[in-house]
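Colleague: The letter at position 168 of the sequence shown is residue 152 when you use the numbering used here, and the numbering goes up by one with no holes.
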Amino acid sequence: MSVRVWPQIFAYVGRWWRYEFAGVIIVIALLILIAASAPKSFPTNEIVLVNGGGTLKDISESLYQADAIRSRTFFELSVRLGGKSEDLKAGDYIFEEPLWIWTVVRRVEDGLYSINPAKVTIPEGLNLEETAELLARHLPRFDVDQFLLLAETDEGYLLPDTYFFSALVGEASVYEAMVSNFNQQVAEPLAEEVVSSGRSLEEILVMASLLEEEANNDKDRALISGVLWKRLEDGMLLQVDAVFPYIIGKNSFELTRADLKIDSPYNTYKYKGLPPGPISNPGMSSILAALRPTESPYWFYLSDMDGNMHYSRDFEEHKYYKKIYIP
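Here is the structure:
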């Protein structure tokens, strides 16, 4: 073969490689665009239930089965590249128009259930029934009875917070979102501290639910926490009035001597130890106060008519304050 032929061969191979490489890039780009585009049967203005199983695969399967994405693999890859695979929000989603897969990813990462989600603020200290009734006032498809069935063993475990839900969300998705929020903000980040405290998470939540009703600021909650844990360790009755709204619907200033003798496991005037469960869903401040009590020389406390706390070192001092501040 003539030496002059080789440059021509190299030139031909170079042109072929450039065209071939460009062709490969074009094919890859087309495949990405196809995988990222909305399916023809995209569920516009329909409720898409995103599985609350907690894993990326569960959520991608939910979206794939609903025809909201073309490729589970491409969805999962997009989420992992964004570094938010642990932050996906389960729930009922409404997509107002066909969306690229990257927009679906962002919506599920940020919990954007619809363009105009319902904002629901759950105050600290509501019990399950009060929480369910509040949710029902904001969410037209929400079933109070079904929610209470789902959450009947979760008093204390539904973290008060501001939530954003699709206006058409169902009770199961609300329940899953609230449990997930509790796990992300309380159970997981505080796990080591709970173990170090020597108490169970259940005990911390029961105490926090009492503190939520007993005081209205962080300083008093931590002080009262110290008093109550100390009384428990000493085998004393807690004698916490906060249980009576839960038992009979009466506050401290409405109680009679007969009320204090009511036979209920929640009656801390009759039975030693913590009540058998939380009396409400405490907020983060009360949970932290239960977990991080303030040590003090006090053994008793009471609240006056204006909500001011008065602490006593012994029972005699406590009785004196009762004469002064309790009518």
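For glycine and all other residues, C-beta sits at the position ideal for the given N, C-alpha and C.
Over the uninterrupted alpha helix (DSSP H) stretch that includes K254, give me the two end residues.
Modeller: The residue you call residue 254 lines up with position 270 of the sequence shown. Premise fails: K254 is in no alpha helix (DSSP H) and is neither H nor E.
Colleague: I need the DSSP call for M293, collapsed to helix, strand or coil.
Modeller: Counting from one through the sequence shown, the residue named residue 293 turns up at place 309. Correct three-state label for M293: strand.
Colleague: Along the beta strand (DSSP E) that carries D76, what are the first and last residues, could you check?
Modeller: Along the sequence shown, read from residue 1 onward, the residue named residue 76 stands at position 92. It spans G75 to I78 - the beta strand (DSSP E) in which D76 sits, taken as one unbroken run.
Colleague: Can you give me the start and stop residues for the alpha helix (DSSP H) that T87 sits inside?
Modeller: The residue given as residue 87 occupies position 103 in the sequence shown. Element bounds for T87: I85 to D94.
Colleague: With a cut-off of 8 Å, do at least 3 Cβ pairs link the stretch 141 to 159 to the stretch 87 to 102?
Modeller: In short, these stretches touch, since the Cβ pair count reaches three.
Colleague: In angstroms with no decimal places, state the Cα-to-Cα distance between V153 and D71.
Modeller: Taking the sequence shown and counting its residues from 1, the one referred to as residue 153 is at position 169. Taking the sequence shown and counting its residues from 1, the one referred to as residue 71 is at position 87. Rounded to whole angstroms, V153 to D71 spans 20 Å at the Cα level.
Colleague: Helix, strand or coil, according to DSSP, for T137 in the structure here?
Modeller: Walking along the sequence shown from the start, residue 137 turns up at place 153. Correct three-state label for T137: coil.
Colleague: For A174, which of helix, strand or coil comes out of DSSP?
Modeller: In the sequence shown, counting from the first residue as 1, residue 174 sits at position 190. A small correction: the amino acid at residue 174 is Leu; Ala does not occupy that position in the sequence shown. L174: coil per DSSP, three-state reduction.
Colleague: Helix, strand or coil for S287? Go by DSSP, reduced to three states.
Modeller: Residue mapping note: residue 287 aligns to position 303 of the sequence shown, counting from 1. Three-state result, S287: strand.
Colleague: Please work out which residues of its chain come closer than 8 Å, Cβ to Cβ, to E93, disregarding the five sequence neighbours upstream and downstream, and give them in chain order.
Modeller: Residue mapping note: residue 93 aligns to position 109 of the sequence shown, counting from 1. Answer for E93: V63, G66, K68, D71, L72 and K73, listed in chain order.
Colleague: Given A19, which residues of its chain have a CB within under 6 Å of its CB, disregarding the five upstream and five downstream residues?
Modeller: Working through the sequence shown from its first residue, we reach residue 19 at position 35. For A19, where only same-chain residues beyond five positions count, the Cβ hits under 6 Å are R54, S55 and F58.
Colleague: What does the alpha-carbon distance come out to for the pair E81 and T115?
Modeller: Here residue 81 refers to the residue found at position 97 when the sequence shown is read from its first residue. Here residue 115 refers to the residue found at position 131 when the sequence shown is read from its first residue. Computed Cα separation, rounded: 33 Å.
Colleague: Report yes if the CB atom of R215 is closer than 8 Å to the CB atom of L207, and no otherwise.
Modeller: By one-based count along the sequence shown, residue 215 stands at place 231. By one-based count along the sequence shown, residue 207 stands at place 223. Not closer than 8 Å, so no.
Colleague: Helix, strand or coil, according to DSSP, for I31 in the structure here?
Modeller: As a working note, residue 31 is residue 47 in the sequence shown. If DSSP states are grouped into helix, strand and coil, I31 belongs with the strands.
Colleague: Alpha carbon to alpha carbon, how far is I10 from F166? Give it in angstroms, no decimals.
Modeller: The count along the sequence shown starts at 1 and reaches residue 166 at position 182. The count along the sequence shown starts at 1 and reaches residue 10 at position 26. Answer to the nearest angstrom: the Cα atoms are 47 Å apart.
Colleague: Roughly how many angstroms lie between the CA atoms of R121 and D76, to the nearest whole one?
Modeller: By one-based count along the sequence shown, residue 121 stands at place 137. By one-based count along the sequence shown, residue 76 stands at place 92. Going from the Cα of R121 to the Cα of D76 covers about 18 Å.
Colleague: Looking at E155 and L142, is the spacing between their C-beta atoms short of 8 Å?
Modeller: Within the sequence shown, numbered from 1, the residue matching residue 142 stands at position 158. Within the sequence shown, numbered from 1, the residue matching residue 155 stands at position 171. No, the Cβ-Cβ distance between L142 and E155 is not below 8 Å.
Colleague: Expressed to the nearest angstrom, what Euclidean distance is found between the alpha-carbon atoms of T39 and L132?
Modeller: Here residue 39 refers to the residue found at position 55 when the sequence shown is read from its first residue. Here residue 132 refers to the residue found at position 148 when the sequence shown is read from its first residue. Distance between the alpha carbons of T39 and L132: 26 Å.
Colleague: Among all the DSSP beta bridges, which residues are the ones paired with Y314?
Modeller: Absent from the structure is residue 314, since the part of the chain shown begins at -15 and ends at 311.
Colleague: With a threshold of 7 Å on Cβ separation, who are the neighbours of A226 within its own chain once the five nearest residues in sequence on each side are excluded?
Modeller: For the purposes of this step, residue 226 is identified with residue 242 of the sequence shown, where counting begins at 1. Within the same chain, A226 has close Cβ partners L194, E197, E198 and I263.
Colleague: Please report how far the alpha carbon of L286 lies from the alpha carbon of G261, in whole angstroms.
Modeller: Within the sequence shown, numbered from 1, the residue matching residue 286 stands at position 302. Within the sequence shown, numbered from 1, the residue matching residue 261 stands at position 277. Computed Cα separation, rounded: 23 Å.
Colleague: Measuring alpha carbon to alpha carbon, tell me which of L14, L272 and P27 ends up nearest A171.
Modeller: In the sequence shown, residue 171 corresponds to position 187, counting from 1. It is L272 whose Cα lies nearest to the Cα of A171.
Colleague: The alpha helix (DSSP H) with D204 in it runs from where to where?
Modeller: Reading the sequence shown from its first residue, position 220 is the one you call residue 204. Residues D202 to E217.
Colleague: Need the endpoints of the alpha helix (DSSP H) that E279 sits in, please.
Modeller: If you number the sequence shown from 1, residue 279 lands on position 295. Premise fails: E279 is in no alpha helix (DSSP H) and is neither H nor E.
Colleague: Can you give the Cα-Cα distance for E330 and D218, rounded to whole angstroms?
Modeller: Since the first residue of the chain shown is -15 and the last is 311, residue 330 is not available in this structure.
Colleague: Once DSSP output is grouped into helix, strand and coil, what is the label at Y97?
Modeller: On the sequence shown, position 113 is the one that residue 97 refers to. Of the three classes helix, strand and coil, the one that applies to Y97 here is coil, per DSSP.
Colleague: Rounded to the nearest angstrom, how far is the Cβ of G210 from that of E279, given a contact under 8 Å?
Modeller: Your numbering for residue 210 matches position 226 in the sequence shown. Your numbering for residue 279 matches position 295 in the sequence shown. Their Cβ separation, rounded to whole angstroms, is 5 Å, which keeps G210 and E279 in contact under 8 Å.
Colleague: Would you mind sorting V(-11) into buried or exposed? The rule is 16 or more other CB atoms within 10 Å of its CB.
Modeller: As a working mapping, residue -11 is identified with position 5 in the sequence shown. Any reading at V(-11) must be qualified, since the residue scores a pLDDT of 49, below 50, and its modelled position is unreliable; no value is offered.
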